[in-house]
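One structure is given below, encoded as structure tokens.
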């Protein structure tokens, strides 16, 4: 999977409220609970990156909640400067605009940090990012900053 480049300065983004869903930055006392959800649904690597977002203030993550239960998350500025990701939405909640809203709020967050460009690392659904943000592939970026092999215990 290649990295994608987003021109933040060309985007006209505004948060949108979704019926029945609250999207906000997680609080420090919620890090473990949300982190466990991320690990359970998406794996340890993504959980580690989510926890890393708490090194910043404000936290560089967003969480989506329905009835106080986590249904999605997005992280930026965690693994590397100017990077978006990882992000994920519970399978039962996909197609309802939650992923897009998490993405939009994260791009606004990166722009507020002063970035003109954002990098979407090892992008999965490239069509979604191209359509929503006008993202373009970065040539030769397969694996990007992520090593081809993970460290073993």
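Numbering (my numbering), first residue to last: 12 to 164.
By construction, the Cβ of each residue, glycine as well, lies at the ideal position given by its N, Cα and C atoms.
{"Check": "For residue 27, the nearest candidate out of 109, 79, 36, 65 (CA to CA)", "Outcome": "109"}
{"Check": "Rounded C-alpha distance that separates residue 115 from residue 24", "Outcome": "7 Å"}
{"Check": "Whole runs of the beta strand (DSSP E) within the region 87-125, excluding any shorter than 3 residues", "Outcome": "94-100"}
{"Check": "Segment contact, 8 Å Cβ cut-off, at least three pairs: the region 27-39 with the region 145-157", "Outcome": "no"}
{"Check": "Separation of residue 19 from residue 145, as counted between CA atoms", "Outcome": "10 Å"}
{"Check": "Residue 132 in three-state terms, based on DSSP", "Outcome": "coil"}
{"Check": "Span of the beta strand (DSSP E), counted from its first residue to its last, around residue 18", "Outcome": "15-18"}
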